[in-house]
Amino acid sequence: MQQPQVETGAIGAGEGPQQAMPWSAWVMRQAWVRWCMCHMPRSWAQWWTASGWRQPLQRVLWGLEGILYLLLALMLCHALFTTGSYLLSSLWPVVTAAWRHLLPAVLLLVLSALPALLFTASFLLLFSMLLSLVGLLTSMSHPDYTQDLDQ
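Quick note: the sequence shown, position 127, residue 184 per the working numbering, numbers continuous.
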């Protein structure tokens, strides 16, 4: 069972649900449309009620909508590109100052930390070697080790 499609009106609460209707029915309810229908020639009224003109018009409107979205996307890309280039051109003095002043400081920090890093690496290597030696000695003193050698 399919429920009928329902949408609320523009006013909102208190109206209750309204049946969905095509846009042409909404247009026909408007007073200015009824006045035009009464005062226009009968051939125009037949053209208006004929459905043959709506589909090409809809295609044209969809094409215009696509062109507008494309223009909007191009304008957004242009705005982002120009803003980004202005930002980068204004950041260039900051980058050169950082390169001129911070790079030597960072290099000096790394070079001054190098002896401490070498000492830490040698200590870890020595500690690892001692742990391996203790493990080897404890495994050699285990009774199962001598039985494995006899076999």
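Think of the CB as a built atom: it goes at the ideal place given N, C-alpha and C, for glycine as much as any other residue.
None of these values were measured; they are calculated from a predicted model.
Please state whether DSSP places Q87 in a helix, a strand or coil. In the structure shown, the three-state DSSP call for Q87 is coil.
Less than 8 Å separating the beta-carbons of W110 and W101? Result no, Cβ atoms of W110 and W101 do not sit closer than 8 Å.
Tell me the rounded alpha-carbon separation between A178 and L168. The alpha-carbon of A178 is positioned some 15 Å away from that of L168.
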